[in-house]
Each structure stands twice: as C-alpha cells, then as structure tokens.
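Worksheet: one structure, shown below.
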C-alpha cells in the first residue's frame with residue numbers, strides 16, 4: 001500500500017513526503033481527497049466507516065482518522081485521546097514500515113504540539129527513537145528537525161547558545177530532504193539570533209536556508225531581509241546591497257518595498 005500524504009502536511013501546505021494512492025487504488029481515496037480540501041468532518045465519517053474492515057484498509061483508516069482528529073476543532077480531550085489510540089494502533093501493527101513510522105511520528109507530534117500541556121519528554125523519546133533507528137528515512141530526518149526545536153528552545157537560555165547549535169548542526173548533517181534541511185537550518189539560525197550566538201554564524205546558516213529556497217512568499221521575504229540586516233551588522237555592504245536588490249526584484253509589490261528601496265539608494269550613494 002502506498003501511504004497517503006500526512007494530513008498535517010496537507011493542512012499546513014508544507015511538506016509532502018509520501019505519495020497518495022493512485023486514484024481508485026484505495027477505498028479510502030475519497031477520504032484523503034476530502035481531507036486535502038479541509039472537509040475534515042466528511043473525511044472523518046469515511047475513515048470511521050472503514051475501521052471494521054479487514055487488514056490494511058482498517059489500519060490505514062485508523063491512521064487517517066487519527067490525523068483527522070488531530071486537526072479538527074475544537075481540540076477536545078476526547079478527540080485527542082481517540083487520535084492517540086488510533087495512531088498507536090496503526091503503529092503497533094508494523095512499527096517499522098512506512099505507515100508505522102508515520103504513525104509514530106505523528107504520535108510524537110500529538111505529544112509535542114497538540115496537547116493543552118505538551119508532554120515534551122514523551123515526544124522527544126519518539127523523535128529520538130525514529131532519528132536513531134531510521135536516519136535515512138523521511139520521518140527519521142523529520143524527527144531530527146522536531147527534536148531540535150525541543151532541544152534548543154525548551155527552557156531556552158540565551159547564554160552559550162552557539163555550542164548547542166553546533167551540536168545540533170552536527171546531528172543534522174545527515175538530513176538530505178531539501179525542505180527538511182531548510183527548516184532545520186532556519187531553526188538553528190533563529191536560536192543563534194535569539195541567544196548570544198554570533199551574527200556571522202547566523203548569517204551563514206541563513207544563506208544556506210536561502211539557497212534551499214522557501215516557496216512561501218512571507219518566508220522568502222523574511223530570509224532575504226534577514227540576510228540584509230545581518231550583513232549590515234557585519235559591515236558587509238556588497239552582501240547587504242545584493243540581498244536588498246533580490247528582495248526588490250522578487251517582491252516588487254511588497255508592503256515594505258518603499259522603505260527598503262530608499263535604504264538601497266542610500267547604500268549605493
């Protein structure tokens with residue numbers, strides 16, 4: 001069975017690591033299609049109708065229902081408990097196949113991002129297990145990205161942040177998926193900027209992020225302007241000018257365009 005795309009990915013328009021079933025290849029195709037259109041109540045009903053099916057279809061239904069419940073509003077205790085049960089059930093059948101790894105990952109996300117009071121130790125334990133056991137798998141690499149958020153920002157201290165970032169940077173060298181790597185490097189650069197890390201190190205990471213290119217306009221704008229700001233602080237006028245020129249060329253109608261166009265004119269004088 002080809003695994004449908006994780007619902008969280010569809011809802012956030014972020015990453016799409018896994019192929020959805022070919023049309024007609026799964027009795028759950030309609031549910032995944034509805035979920036991708038944010039028609040979550042209808043998707044939930046179809047997933048529920050297949051929970052009693054035999055074999056792989058029932059397991060896929062549990063996985064799909066678990067993800068759907070995570071994204072339905074409001075996030076009630078009942079929904080979260082049921083989502084947990086379905087993700088655990090889908091993972092338990094075969095913890096090391098694609099669907100099992102996906103279910104384990106989103107179970108960690110439940111602990112990390114969906115509970116009223118996040119259970120970070122539980123989330124981190126799953127992330128670390130996935131990262132250690134499956135470093136070449138998409139969800140093993142995604143787990144490193146999520147674990148870095150907990151490791152860097154839980155009980156954040158601005159003092160001595162650069163050694164912590166270097167530790168995570170070494171761990172993330174095995175991340176090969178471009179979008180995952182881009183998001184990972186952005187997390188590291190933000191930690192440096194929030195703490196006492198060097199602007200030069202933050203700039204280097206931000207330039208790597210830029211090379212991997214965000215598709216979202218807001219993230220592209222932030223990346224280019226951050227390069228310009230860091231270059232200004234480091235007195236690298238050519239880089240500052242180049243970043244501002246790219247920003248103005250790529251986003252000629254951006255609301256802050258006039259401000260940065262004036263700044264660029266002053267730099268060129």
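In the working numbering, the protein residues as written are 1 to 269.
Cβ coordinates follow ideal geometry from the N, Cα and C atoms, glycine included.
Fill in: Ordered list of alpha helix (DSSP H) runs contained in the segment 37 to 113, each at least 4 residues
40 to 49, 55 to 71, 77 to 93 and 98 to 109
Fill in: Those runs of the alpha helix (DSSP H) which lie wholly inside the segment 178 to 265 and span at least 4 residues
178 to 194, 199 to 212, 217 to 233 and 237 to 250
Practice prompt. Just mark residue 170 as buried or exposed, buried being the case when its beta carbon has 16 or more other beta carbons within 10 Å.
Written response: exposed
Item to complete: Taking residue 247 and residue 224 to be in contact with their CB atoms under 8 Å, please state how far apart those CB atoms are, rounded to whole angstroms.
Response: Correct: roughly 4 Å between the Cβ atoms.
Worksheet item: Three or more beta-carbon pairs under 8 Å between the segment 135 to 150 and the segment 111 to 125, yes or no?
Response: yes
Practice prompt. Run the CB neighbour count on residue 156, radius 10 Å, all protein chains shown included, and call it buried at 16 or more, exposed below.
Written response: exposed
Practice prompt. Tell me whether residue 134 sits in a helix, a strand or coil according to DSSP, three-state version.
Written response: Residue 134: coil per DSSP, three-state reduction.
Worksheet item: Under the three-state reduction of DSSP, which class applies to residue 139: helix, strand or coil?
Response: helix
Worksheet item: When the Cα atoms are used, what is the spatial distance from residue 80 to residue 216?
Response: 30 Å
Worksheet item: By a C-beta neighbour count over all protein chains shown, 10 Å radius and 16 as the cutoff for buried, is residue 37 buried or exposed?
Response: exposed
Worksheet entry | For residue 152, three-class secondary structure by DSSP | helix
Worksheet item: For residue 131, is the classification buried or exposed, using 16 other Cβ atoms within 10 angstroms of its Cβ as the cut-off for buried?
Response: buried
Worksheet item: Is it a yes or a no for the segment 119 to 130 touching the segment 139 to 146, going by three-plus beta-carbon pairs under 8 Å?
Response: yes
Discussion item. With distance defined between alpha-carbon atoms, name the residue in 96, 126 and 197 nearest to residue 108.
Written reply: When each option's Cα is compared against that of residue 108, the closest is 126.
Item to complete: Tell me whether residue 259 is buried or exposed, calling it buried when 16 or more other Cβ atoms sit within 10 Å of its Cβ.
Response: exposed
Item to complete: Go through its chain and collect everything with a Cβ distance to residue 188's Cβ below 8 Å, but skip five positions before and after it.
Response: 148, 152, 165, 168, 169, 172 and 205
Fill in: residue 99 versus residue 106: straight-line alpha-carbon distance, rounded
11 Å
Worksheet item: Cβ of residue 267 within 9 Å of Cβ of residue 241?
Response: yes
Worksheet item: Thinking just about the alpha-carbon of each residue, which of 135, 136 and 145 is nearest to the one in residue 123?
Response: Of the listed residues, the one whose Cα sits closest to residue 123 is 145.
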